[in-house]
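Structure first, commentary second.
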Amino acid sequence: MKQKSDVFQFVKENEMNTNIYLYGEIRKGDFWERVFGPDETRVDAYSFKDLLAAVETPKVTVRINSMGGSVSEGLAIYNQLTDFPGEVETVVDGFACSIASVIFMAGTKRVVPESSLVMIHNAWSSAVGDANAMRKAAELLEKVTTPSINIYQSKTGLDEDYIKSLMDNETWLTSKECFDLRFATAVERNDVKQSLDEQYLSKLILENKELRSKIETSFENEINEIEIESSWDGYFD
24 MKQKSDVFQF
34 VKENEMNTNI
44 YLYGEIRKGD
54 FWERVFGPDE
64 TRVDAYSFKD
74 LLAAVETPKV
84 TVRINSMGGS
94 VSEGLAIYNQ
104 LTDFPGEVET
114 VVDGFACSIA
124 SVIFMAGTKR
134 VVPESSLVMI
144 HNAWSSAVGD
154 ANAMRKAAEL
164 LEKVTTPSIN
174 IYQSKTGLDE
184 DYIKSLMDNE
194 TWLTSKECFD
204 LRFATAVERN
214 DVKQSLDEQY
224 LSKLILENKE
234 LRSKIETSFE
244 NEINEIEIES
254 SWDGYFD
């Protein structure tokens with residue numbers, strides 16, 4: 024089943040998962056859309072809310088390719104996803120920039136393919152007025168940026184000052200950097216479509232240790248048997 028809003032799609036892949044495609048700018052509709060029709064590259068929180076409420080599968084996979092947009096719209100979408108009663112996985116299909124990177128953090132499993140990028144920075148805007156108006160605008164921008172900092176910190180466990188420095192420098196992150204800094208929980212290799220996530224890696228290491236222990240134990244037993252056989256062989260000669 025495919026549910027298509029005017030600007031993005033919810034596609035039921037099977038009985039277990041619905042794919043949500045967030046491709047385009049994150050913002051509300053504007054005057055020009057009322058004149059010329061909907062912008063199909065736009066994503067807004069109101070339409071997202073209605074479609075998410077209609078999802079019947081226990082899992083959603085949010086596939087993102089967006090340069091960002093409105094902080095208020097993005098935070099609303101993030102909160103809707105974290106309130107979803109089922110499992111949420113997020114995947115960067117191209118770019119997850121600015122507020123789109125915050126939406127990406129809503130996933131319990133967060134996948135960045137080797138061919139994708141994530142960008143984080145401070146909120147920005149424009150202002151007109153005297154010095155007081157400019158100072159007020161700067162203070163407001165700092166407050167608007169704070170929720171994004173809190174979300175990055177809660178998901179990655181990184182120090183707040185370090186996150187701020189990344190945002191101050193408008194940092195672009197590769198898949199490996201996302202994984203190393205814990206923005207992502209998995210890196211997908213494009214050539215073989217294999218995911219290396221934390222849980223799987225831990226399981227693999229544990230199984231490797233267990234296998235090595237069994238091999239060492241088996242080898243020691245064989246050595247002991249050889250030594251015993253050799254000693255008795257000498258006795259009966």
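Each residue of the sequence shown is one higher than the one before, starting from 24 at the first, in the numbering used here. Just so you know, even glycine gets a beta-carbon here, dropped at the ideal spot from N, CA and C.
Looking at the backbone, the Cα of alanine 119 and that of arginine 133 are separated by about 12 Å. Glycine 97 and alanine 77 do not touch by the CB rule: their CB atoms are close to 21 Å apart, not below 8 Å.
By the Cβ-count criterion, serine 93 is buried, with 16 or more other Cβ atoms from all chains shown falling within 10 Å of its own Cβ. Residues of the same chain with a CB within less than 6 Å of the CB of glutamate 36, apart from the 5 flanking positions on each side, are Asn42 in chain order. Under a 10 Å Cβ-count criterion, valine 111 is classified as buried, with 16 or more other Cβ atoms of the shown protein chains found around its own Cβ. With the rule of 3 Cβ pairs closer than 8 Å, the region 124-144 counts as touching the region 71-89. Selection Ile172, Glu38, Ala68 evaluated against lysine 51 yields Ala68 as nearest (Cα-Cα). The DSSP assignment places 194-196 as complete runs of the beta strand (DSSP E) inside the region 153-203, in order along the chain (cut-off: 3 residues). Glutamate 112 sits in a strand when the DSSP states are folded into three classes.
A direct Cα-Cα distance of roughly 15 Å separates isoleucine 100 from proline 108. Residue pairing for glutamate 48: DSSP places it in a beta bridge opposite Arg65. Three or more Cβ pairs closer than 8 Å define a contact, and the region 202-212 falls short of that threshold against the region 153-167. Pairing aspartate 191 with threonine 169, the inter-Cα distance amounts to about 13 Å.
With a threshold of 16 other beta carbon atoms within 10 Å, glycine 130 meets it and is buried. By the Cβ neighbour-count rule, lysine 178 is buried, with 16 or more other Cβ atoms within 10 Å of its own. Alanine 119 is bridged by DSSP to Ser89, Val141. Counting along the chain, glutamate 96 sits inside the alpha helix (DSSP H) bounded by residues 94-105.
Around the beta-carbon of serine 148, fewer than 16 other beta-carbon atoms lie within 10 Å, marking it exposed. The beta carbon of methionine 39 sits closer than 8 Å to the beta carbons of Thr80, Pro81, Lys82 from its chain, once the five residues preceding and following it are set aside; these are given in chain order.
Taking C-beta atoms as the reference points, leucine 140 and threonine 197 count as a pair closer than 8 Å.
Secondary structure at valine 151: coil, using DSSP grouped into helix, strand and coil. Note on geometry: alpha-carbon atoms of isoleucine 49 and glutamine 176 lie some 22 Å from one another. Take the alpha-carbon of valine 167 and the one of glycine 117: they are about 26 Å apart.
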